[in-house]
Ligand code: SIN
Ligand code: FE2
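Numbering (the working numbering), first residue to last: 3 to 198.
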């Protein structure tokens, strides 16, 4: 959804994220086994947060460095989930990825969630990036899309398990972040709803 958030809404989200990062500082995730650092730094808010370390990829309630619980998901983001995610259960994790100008993210599927019926709602803020979307199996045809600040992508329905990644950042294409770079927020539901 190109241009979904206007400048004012983007600035308000940046303020929210500043608050989150103040309580849960950005950490450097590494690849399982090899320990090779990912090029993005990350943090989370919500009852669960996604982490990557030598032991694997997983969701957990605590920050891997400080050991404290993640801060709550800001109200503005839960409202966005209700508006565009249109799912019966609230989000449990909001992953905050910070890309400096040389950062990227290889093609992958988001499948560490138990509830694959829920969408993943992604918000782009700051510098533009080249986003690549493939098929639900590795190696298929891919298309590239330039994502700009304020754009939203929903991975849901048939597209929930598509391969996706970020090939590059276009430095200095946005004035939203004083020192440049790109922030991506992804709202996720992790566990299935409890049976009543
Ligand atoms: C991700 O797949 O976690 C991030 C996608 C993005 O940065 O747009
Ligand atoms: Fe992803």
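A virtual CB, placed ideally from N, CA and C, is assigned to each residue, including glycine.
By Cβ distance below 6 Å, which residues in the same chain neighbour residue i in space, the five residues on each side in sequence not counted?
{"i": "residue 22", "result": "47 and 73"}
{"i": "residue 179", "result": "128"}
{"i": "residue 153", "result": "4 and 126"}
{"i": "residue 158", "result": "121"}
{"i": "residue 138", "result": "163 and 164"}
{"i": "residue 30", "result": "39 and 43"}
Would you please state the rounded distance, in angstroms, between the beta carbons of residue i and residue j? I believe it to be under 8 Å.
{"i": "residue 168", "j": "residue 59", "result": "Going by Cβ atoms, the distance from residue 168 to residue 59 rounds to 17 Å, so no, they are not a contact pair."}
{"i": "residue 193", "j": "residue 85", "result": "22 Å between Cβ atoms; not a contact."}
{"i": "residue 54", "j": "residue 34", "result": "7 Å"}
{"i": "residue 110", "j": "residue 135", "result": "With 8 Å as the limit, residue 110 and residue 135 do not qualify as a contact, their Cβ atoms being about 12 Å apart."}
{"i": "residue 56", "j": "residue 87", "result": "The Cβ separation is near 32 Å, so there is no contact."}
{"i": "residue 176", "j": "residue 151", "result": "5 Å"}
{"i": "residue 92", "j": "residue 80", "result": "6 Å"}
Tell me which residues share the same chain as residue i and place their Cβ nearer than 8 Å to its Cβ, disregarding the 5 neighbours each side in the sequence.
{"i": "residue 1", "result": "For the chain, the structure presents residues 3 to 198; residue 1 sits outside this window and is missing."}
{"i": "residue 113", "result": "163"}
{"i": "residue 156", "result": "3, 86, 87, 121, 122, 123 and 124"}
{"i": "residue 195", "result": "90, 91 and 117"}
{"i": "residue 13", "result": "178"}
{"i": "residue 32", "result": "38, 39, 40, 54, 55 and 56"}
So, is residue i buried or exposed, given that buried needs 16 or more other C-beta atoms within 10 angstroms?
{"i": "residue 4", "result": "exposed"}
{"i": "residue 190", "result": "buried"}
{"i": "residue 39", "result": "exposed"}
{"i": "residue 148", "result": "exposed"}
{"i": "residue 98", "result": "buried"}
{"i": "residue 187", "result": "buried"}
{"i": "residue 198", "result": "The pLDDT assigned to residue 198 is 49, lower than 50, so where the model puts this residue is not dependable, and the model offers no usable value."}
{"i": "residue 9", "result": "exposed"}
Just to confirm my understanding: we take residue i, look at its own chain, exclude 5 residues before and 5 after, and list those with CB closer than 7 Å. What are they?
{"i": "residue 171", "result": "101, 103, 105, 129, 131 and 184"}
{"i": "residue 61", "result": "50, 51, 52, 95, 114 and 192"}
{"i": "residue 173", "result": "103, 129 and 182"}
{"i": "residue 71", "result": "63 and 64"}
{"i": "residue 11", "result": "none"}
{"i": "residue 144", "result": "134, 135 and 136"}
Is any heavy atom in the ligand HEM found nearer than 6 Å to the beta carbon of residue i?
{"i": "residue 169", "result": "Only the ligand SIN and the ligand FE2 can be found as ligands here, which leaves the ligand HEM out of the picture."}
Query - Inside the segment 49-110 only - alpha helix (DSSP H) runs reaching at least 4 residues - result: The qualifying runs are 77-82.
Query raised in the report: Whole alpha helix (DSSP H) runs in the segment 105-144 with 4 or more residues, listed along the chain?
Result: The segment 105-144 contains no whole alpha helix (DSSP H) run of 4 or more residues.
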